[in-house]
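Undergrad: So that we are looking at the same thing, I have put the structure below in structure tokens.
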Amino acid sequence: MTEPLRTLRIEEGCISCNLCEDLAPRVFEVVAGGECRVRPGALEAVAADDELRAAVLEAAESCPVEVILVDED
Ligand code: SF4
């Protein structure tokens, strides 16, 4: 069973590179002309899907400005 993430949010400083949305479009949305946001219901979606959880963790590790905050515990 997939463990839920305690925290999933994006701090200020996103450069709208689209990487996270490419990796996990069900979770991340880069608003046109703006910064990235976490879609409503993303935590629940991640808790039900191991592959999606892995994609979110990869996005957090890969974000070039390290603004995706994930807390697994
Ligand atoms: S990977 Fe980071 S910088 Fe790129 S769109 Fe996502 S939050 Fe913004």
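Here my numbering is used: position 40 in the sequence shown is 50, and no number is missing along the way. All residues carry an ideal CB built from backbone N, CA and C; glycine is no exception.
Mapping DSSP to helix, strand and coil, what is Arg19?
TA: strand
Undergrad: Just checking Val41 against the ligand SF4 - is the residue's beta carbon closer than 7 Å to any of the ligand's heavy atoms?
TA: no
Undergrad: Between which two residues does the beta strand (DSSP E) holding Cys30 run?
TA: Unbroken run through Cys30 is the alpha helix (DSSP H), Leu29 to Leu33; no beta strand (DSSP E).
Undergrad: Reducing DSSP to helix, strand and coil, say where Val77 ends up.
TA: Coil at Val77, not helix or strand.
Undergrad: Select from Leu62, Glu39, Ala69 and Glu71 the residue whose C-alpha is nearest the C-alpha of Thr12.
TA: The candidate whose alpha carbon is nearest that of Thr12 is Leu62.
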